[in-house]
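Enquirer: Once you've had a glance at the structure underneath, I'll fire off some questions.
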Ligand code: SAM
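Numbering (the numbering used here), first residue to last: 686 to 948.
Listed below in structure tokens is the structure:
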């Protein structure tokens, strides 16, 4: 499935960190894991496409010699700027399908929860291959919810969003990377963390359209999905308005670009 337009996160800038941020202390551990996975060194020049509010960029930048982020949302990057202290993060308002950098510039590229949003996935992957130095890795990261949280979300997708789920933008980037000759290097790197989670708050997040998968849906579709999630939450938990402790993970896969033909 090809999108006509990339999904820009302007509307999420005000609530992104509250809904997607790591629990306190975990983002440093996530950054250290990413730096290890990518073999980053103090001189490494790193690019993140879809840098957003800097959830990944700000803790990762100190592991690098220069961190370049770009996004189509000025509002998301304004949040990054508001949090930035001494981290060397340089920003550009640009489309990942047209990277404003010369060939062979970066020692690593970072992509976290972005590939499923872009209009031109093949074009974006091609551009990443162009700006990476030969043999430099792409670090593809994602949050992995624990089974209970994932089941609640899956109930939503099955009722409201089955078509989009079937088109599975989540699985597609991995297939497209392979088709375009990128090779996964090693196994998935994983950082697990414990956190509290209130099942009915998670449901409410869908009603409030915190997730980009809800943005194109009608009010009726939202209410239908929320009703199913609420019923599941009440069947699973004695009191789904109370916090439960759960384990989630942040995962990173390392991909190496295909060799480029000379010329
Ligand atoms: N990577 C950050 C993180 O993990 O917290 C932000 C992820 S957020 C889900 C996705 C970001 O990608 C949004 O800020 C959105 O505006 C941006 N985006 C979507 N399509 C894009 C494109 N074609 N070029 C650049 N940025 C894009």
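Just so you know, even glycine gets a beta-carbon here, dropped at the ideal spot from N, CA and C.
#1: Nearest-angstrom Cα distance between residue 928 and residue 829?
#2: Could you give the DSSP three-state label for residue 903: helix, strand or coil?
#3: Cβ of residue 933 within 8 Å of Cβ of residue 880?
#4: Within a Cβ cutoff of 7 Å, which residues of the same chain sit near residue 690, ignoring the five residues on either side of it in sequence?
#5: Could you tell me if the beta carbon of residue 933 falls within a distance shorter than 7 Å of some heavy atom in the ligand SAM?
#6: Run through the DSSP bridge pairs and tell me what residue 877 is partnered with.
#7: Decide if the segment 910-917 is in contact with the segment 776-789; the criterion is three or more beta carbon pairs, one per stretch, under 8 Å apart.
#8: Taking only three categories from DSSP, how would you classify residue 798?
#9: Expressed to the nearest angstrom, what Euclidean distance is found between the alpha-carbon atoms of residue 786 and residue 754?
#10: Hey, is residue 776 close to the ligand SAM, as in C-beta under 7 Å from one of its heavy atoms?
#11: Take every Cβ of the segment 692-704, pair it with every Cβ of the segment 895-911, and state whether three or more of those distances are shorter than 8 Å.
#12: Using a 10 Å radius around the Cβ and a threshold of 16 neighbouring Cβ atoms, would you call residue 737 buried or exposed?
#13: Within the chosen definition, does the segment 870-885 reach the segment 794-809 through at least 3 CB pairs nearer than 8 Å?
#14: Taking the alpha carbon of residue 790 as the reference point, which residue from 752, 826 and 886 has its own alpha carbon closest?
#15: For a test of the three-state rule: what should DSSP assign to residue 699, helix, strand or coil?
Expert: Concretely, from the data shown:
#1: Whole-angstrom Cα-Cα distance: 19 Å.
#2: If DSSP states are grouped into helix, strand and coil, residue 903 belongs with coil.
#3: Their beta carbons are under 8 Å apart, which means residue 933 touches residue 880 by this criterion.
#4: Only residues of its own chain outside the window of five on either side were considered, and among them 804 have a CB closer than 7 Å to the CB of residue 690, listed in chain order.
#5: Set against 7 Å, the gap from the CB of residue 933 to the closest heavy atom of the ligand SAM is not smaller.
#6: Answer by DSSP bridge pairing, in chain order: 934.
#7: With the cut-off at 8 Å, the segment 910-917 and the segment 776-789 do not touch.
#8: In the displayed model, residue 798 falls within coil according to three-state DSSP, outside both helix and strand.
#9: Each residue's alpha carbon lies about 12 Å from the other.
#10: With a cut-off of 7 Å, the C-beta of residue 776 is classified as distant from the ligand SAM, since no heavy atom of the ligand falls inside that distance.
#11: Enough Cβ pairs lie closer than 8 Å, so yes.
#12: With 16 or more Cβ atoms within 10 Å of its Cβ, residue 737 is classed as buried.
#13: Touching, no, given that fewer than three Cβ pairs across the two stretches are closer than 8 Å.
#14: Minimum Cα-Cα distance from residue 790 among the listed residues 752, 826 and 886 corresponds to 752.
#15: Coil at residue 699, not helix or strand.
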